[in-house]
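Chemist: Quick one: structure below, then a few questions.
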Amino acid sequence: MYVILGCGSVGFKAASTLQSRGEEVFVVDSSESRVQNLRDGNLNAAVGDLRNLDPFDDQLERANAVLVLSSDVDANQEGVEYLRKHFQQARIIARATDPPSRDALKKAGADEVILPQEVLARSVERRLRDVEMEARVRSLKRLLLDARSLGIFLQSNPDPDAISSAMALEFIANSLNPEVEVRKVTKGEVGRPENQAMMNLLAVQLEQAEDSEEAREVVNDVDLVALVDVSVAGKNNPLPEDVVPNVVFDHHPTDEDRIKGDFQDVRPGVGSTATLLTGYLRELGVTPDSDIATALMYGIRTDTKVLTGKVDTEDLEAVRYLGALMDSDVLRRIETPPMSSDQVTVLGRAIEGMTKRGSLVVSFLSVVPQPDYLSYIADFLLDIEGVDTVVVYGLVEGTIHVSARSRDVRVNLGNTMEDLFGPDRGGGHAHMAGAQIPVDVFVEIQEREEFLESVRGALSDKFLRAFGHSVREDADITSAEQ
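Residue numbering for the sequence shown follows the numbering used here, beginning at 751 and increasing consecutively.
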């Protein structure tokens, strides 16, 4: 049962909403005419004063929640004090008129205090966000409806957020224009066992562009070019740097001046690009099949650390929406795949060769089969007791790849990677980032070990200094002094 004390415009709206939901409602108001109008509307109402609530003890005793909503703040405060003293079971929600009255009502015992102007501001903000989304959808539809072919470019060695976002954009394009031909293009392998399981279980097909010339051939063959989960052509993606994409979806922090495109939706405040694409599915009214819903859910979960990292209200809304559409058994199988023998070998190498300074771990993996192995190892090492920041790096086909993870609120890994290697080679989020540094010299076979040792030494020192640690003799993580 809900009891509403004071029934002006705010109280009447609350009473009507609760009644429409089939809830039992009892209203007390000082105006006889207002009470009569409520009764005419089939609401149970009585004339009364917030300063004398004794006559309504029976109703208050049964109340799950009491809404104290009169425009008289002093009366509201007296009512809250009475309620808190005599009815401990009820949740009390009270109306204030300004910050001082809000503080007074909280002190009197209200569980929650509402400022109508703040509620109005949030409502306006939501409506403005809706209007902005409607405009974005119209712009995207105009582009997709006129296209006969679409090339979707993912980040190199794509993660679940990128893969699922590409799947969703393909689904949107096909929903608007069933005749459109879509090509999903990336560079590099999908290495993490979870991501391989995702590709296999959801039958995801990606086209490989080994270099910018192969990517340019795709560009020349399609009407529209899209970037997903990355926003700058040529930065961690195979798209040639001089190509301006038509569509860009991303959530990574990037210098706005570097983002080019006819249509852009880049929102660093959101936890994943999959969240953005889920919003477009909902706004367009096209329901994804279970494979796409499962992929999007997995994309959101990976980039938000299962909703424990950076999470926006839009991420939570997307999860609620996708939860009813996804295949939970398939998601479980994706998230718990077996580890390959190669991954076990690389993991052992990472543990054996890591350096620890305080809560920082740095590990050089030497030559690594696939870049995805680094993020997998970084996540694993971050679970070690006493570790809150991890940097792992290794050589993959002539490029040094870096993957970093942190739980330390004082650390911004994205900024650190940019500072160390420049915005074209490093970047990411505060607690999840990476870098790619090309090796511009050919290394003779007999010089290989010497070369790898020089890479290990130079970058290890660089990372230690970047996180405020002195460079000294490497120490194993199990060393007593650590």
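Note that the Cβ used here is the ideal one computed from N, Cα and C, for glycine as well.
(1) Give the DSSP bridge partners of serine 1113, in chain order.
(2) Is it buried or exposed, proline 849, if we count other Cβ atoms within 10 angstroms and call 16 or more buried?
(3) What do you get for alanine 860, buried or exposed, if any count of 16 or more other CB atoms within 10 angstroms of its CB means buried?
(4) What does the alpha-carbon distance come out to for the pair isoleucine 1195 and valine 1111?
(5) Going by C-alpha distance, which of Arg841, Gln905 and Val869 is nearest valine 1234?
(6) For methionine 1167, tell me which candidate among Val1189, Tyr1143 and Glu1147 has the shortest Cα-Cα distance.
(7) What is the residue span of the alpha helix (DSSP H) that proline 850 lies within?
(8) I need the boundaries of the beta strand (DSSP E) containing alanine 844, first residue and last residue.
(9) Contact between the segment 908 to 917 and the segment 1013 to 1027: three or more CB pairs below 8 Å?
(10) Mind checking which residues open and close the beta strand (DSSP E) that includes leucine 900?
(11) Can leucine 755 and valine 778 be called in contact, C-beta distance under 9 Å?
(12) Which residue spans inside the segment 762 to 786 form an unbroken beta strand (DSSP E) run of at least 3?
(13) Can you tell me whether DSSP reads glutamate 929 as helix, strand or coil?
(14) If you drop the 5 nearest sequence neighbours on each side, which residues of the same chain put their C-beta closer than 6 Å to that of lysine 937?
(15) Report the residue from Ala840, Ser821 and Arg876 whose alpha carbon sits nearest the alpha carbon of alanine 1240.
(16) Can you name, in chain order, every residue of its own chain whose Cβ lies under 7 Å from the Cβ of valine 1080, other than the five neighbours on each side?
(17) Assign glutamate 957 to one of three DSSP states: helix, strand, or coil.
(18) Please tell me whether leucine 788 and alanine 795 are closer than 9 Å, where the distance is taken between their beta carbons.
(19) Taking all protein chains shown into account, do 16 or more other C-beta atoms lie within 10 angstroms of the C-beta of asparagine 852, making it buried, or fewer, making it exposed?
(20) Shortest alpha-carbon distance to leucine 800 belongs to which of Asp790, Arg812, Ser783 and Ser821?
(21) Pull up the DSSP beta-bridge partners for asparagine 907, would you.
(22) Within the 9 Å Cβ cut-off, does threonine 1058 reach chain C?
(23) Since valine 998 and leucine 977 should fall inside the 8 Å C-beta cutoff, what is the C-beta to C-beta distance between them, to a whole number of angstroms?
(24) I believe tyrosine 1030 touches isoleucine 902 by the beta-carbon criterion, under 8 Å. Please report the beta-carbon distance rounded to the nearest angstrom.
(25) Where valine 980 and valine 863 are concerned, what is the direct C-alpha to C-alpha distance, given to the nearest angstrom?
(26) Within a Cβ cutoff of 7 Å, which residues of the same chain sit near serine 1210, ignoring the five residues on either side of it in sequence?
(27) Would valine 972 and serine 925 be called neighbours here (beta carbons separated by less than 9 Å)?
(28) Can you check which of these residues, Leu956, Val1146, Asp1138 and Phe1213, is closest to aspartate 1169 by C-alpha distance?
(29) Would you mind reading off the limits of the beta strand (DSSP E) that contains glycine 1178?
(30) Could you name the residues of the same chain whose beta carbon sits closer than 6 Å to that of valine 993, not counting the 5 residues immediately before and after it, in chain order?
(31) Is it buried or exposed, glutamine 809, if we count other Cβ atoms within 10 angstroms and call 16 or more buried?
(32) For threonine 1095, count the other beta carbons within 10 Å of its own beta carbon; 16 or more makes it buried, fewer makes it exposed. Which is it?
(33) Are the beta-carbon atoms of serine 1116 and glycine 1136 separated by less than 9 Å?
(34) What is the residue span of the alpha helix (DSSP H) that serine 1153 lies within?
(35) Pull the bridge partners of lysine 934 from the DSSP assignment, please.
Modeler: For this structure:
(1) Along the sequence shown, read from residue 1 onward, the residue named residue 1113 stands at position 363. Paired residues: Met1104 and Val1142.
(2) As a first step, residue 849 is located in the sequence shown; it is residue number 99 there, counting from the start. Answer is exposed; the Cβ neighbour count stays below 16.
(3) Within the sequence shown, the letter at position 110 stands for residue 860. Answer is buried; the Cβ neighbour count reaches 16.
(4) Position 445 of the sequence shown holds residue 1195. Position 361 of the sequence shown holds residue 1111. Because isoleucine 1195 carries a pLDDT of 37, less than 50, the predicted location of this residue cannot be relied on, and the following value inherits that uncertainty. So the two alpha carbons sit approximately 30 Å from each other.
(5) With the chain covering 751 to 1232 only, the question about residue 1234 has no answer from this structure.
(6) In the sequence shown, residue 1167 corresponds to position 417, counting from 1. Taking only the C-alpha atoms, the option nearest methionine 1167 is Tyr1143.
(7) As a working note, residue 850 is residue 100 in the sequence shown. That run of the alpha helix (DSSP H) goes 849 to 858.
(8) Within the sequence shown, residue 844 is the residue found at index 94, counting from 1. Looking at the DSSP string, the run of the beta strand (DSSP E) that includes alanine 844 is 841 to 845.
(9) yes
(10) On the sequence shown, residue 900 is found 150 positions in, with the first residue counted as 1. First-last of the beta strand (DSSP E) with leucine 900: 899 to 904.
(11) Within the sequence shown, numbered from 1, the residue matching residue 755 stands at position 5. Within the sequence shown, numbered from 1, the residue matching residue 778 stands at position 28. Their beta carbons are under 9 Å apart, which means leucine 755 touches valine 778 by this criterion.
(12) 775 to 779
(13) For the purposes of this step, residue 929 is taken as the residue at position 179 of the sequence shown. If DSSP states are grouped into helix, strand and coil, glutamate 929 belongs with coil.
(14) Along the sequence shown, one-based indexing puts residue 937 at 187. The residues are Ser906, Ala959 and Pro988.
(15) Outside the shown range of the chain (751 to 1232) lies residue 1240, about which nothing can therefore be said.
(16) Here residue 1080 is taken as the residue at index 330 of the sequence shown, counted from 1. Closer than 7 Å at the Cβ level, and outside the excluded window around valine 1080, lie Leu951 and Thr1044.
(17) Taking the first residue of the sequence shown as 1, we reach residue 957 at position 207. In the structure shown, glutamate 957 sits in a strand (DSSP, three-state: E or B).
(18) Your numbering for residue 788 matches position 38 in the sequence shown. Your numbering for residue 795 matches position 45 in the sequence shown. Going by C-beta atoms, leucine 788 is nearer than 9 Å to alanine 795.
(19) Translated into positions along the sequence shown, residue 852 becomes position 102. Asparagine is not the amino acid found at residue 852; the sequence shown has arginine there. Buried, because 16 or more other Cβ atoms sit within 10 Å of the Cβ of arginine 852.
(20) Walking along the sequence shown from the start, residue 800 turns up at place 50. Per the Cα distances, Ser821.
(21) As a working note, residue 907 is residue 157 in the sequence shown. According to DSSP, which records beta bridges pairwise, asparagine 907 is partnered with nothing at all.
(22) Absent from the structure: chain C. Only one protein chain is present.
(23) Translated into the one-based positions of the sequence shown, residue 998 becomes position 248. Translated into the one-based positions of the sequence shown, residue 977 becomes position 227. That pair is a contact at about 5 Å.
(24) If you number the sequence shown from 1, residue 1030 lands on position 280. If you number the sequence shown from 1, residue 902 lands on position 152. So it is not a contact: roughly 14 Å between Cβ atoms.
(25) What you label residue 980 is simply residue 230 of the sequence shown in a count that begins at 1. What you label residue 863 is simply residue 113 of the sequence shown in a count that begins at 1. Whole-angstrom Cα-Cα distance: 42 Å.
(26) The count along the sequence shown starts at 1 and reaches residue 1210 at position 460. The residues are Thr1105, Val1112 and Phe1114.
(27) Here residue 972 corresponds to residue number 222 of the sequence shown, with the count starting at 1. Here residue 925 corresponds to residue number 175 of the sequence shown, with the count starting at 1. Result no, Cβ atoms of valine 972 and serine 925 do not sit closer than 9 Å.
(28) For this step, residue 1169 is matched to residue 419 along the sequence shown. The option with the nearest alpha carbon to aspartate 1169 is Phe1213.
(29) Reading the sequence shown from its first residue, position 428 is the one you call residue 1178. 1176 to 1178 is the extent of the beta strand (DSSP E) around glycine 1178.
(30) Your numbering for residue 993 matches position 243 in the sequence shown. Excluding residues within five positions, the ones whose Cβ falls inside 6 Å are Val969 and Ala983.
(31) Indexing the sequence shown from 1 puts residue 809 at position 59. Buried, since its Cβ has 16 or more Cβ neighbours within 10 Å.
(32) In the sequence shown, residue 1095 corresponds to position 345, counting from 1. By the neighbour-count rule (16 or more Cβ atoms within 10 Å), threonine 1095 is not buried but exposed.
(33) Here residue 1116 corresponds to residue number 366 of the sequence shown, with the count starting at 1. Here residue 1136 corresponds to residue number 386 of the sequence shown, with the count starting at 1. In this structure, glycine 1136 does not lie closer than 9 Å to serine 1116 by Cβ.
(34) Numbered from 1 along the sequence shown, position 403 holds the residue referred to as residue 1153. Per DSSP, serine 1153 belongs to no alpha helix (DSSP H); it is in the beta strand (DSSP E), 1149 to 1156.
(35) Within the sequence shown, numbered from 1, the residue matching residue 934 stands at position 184. Paired residues: Ile902.
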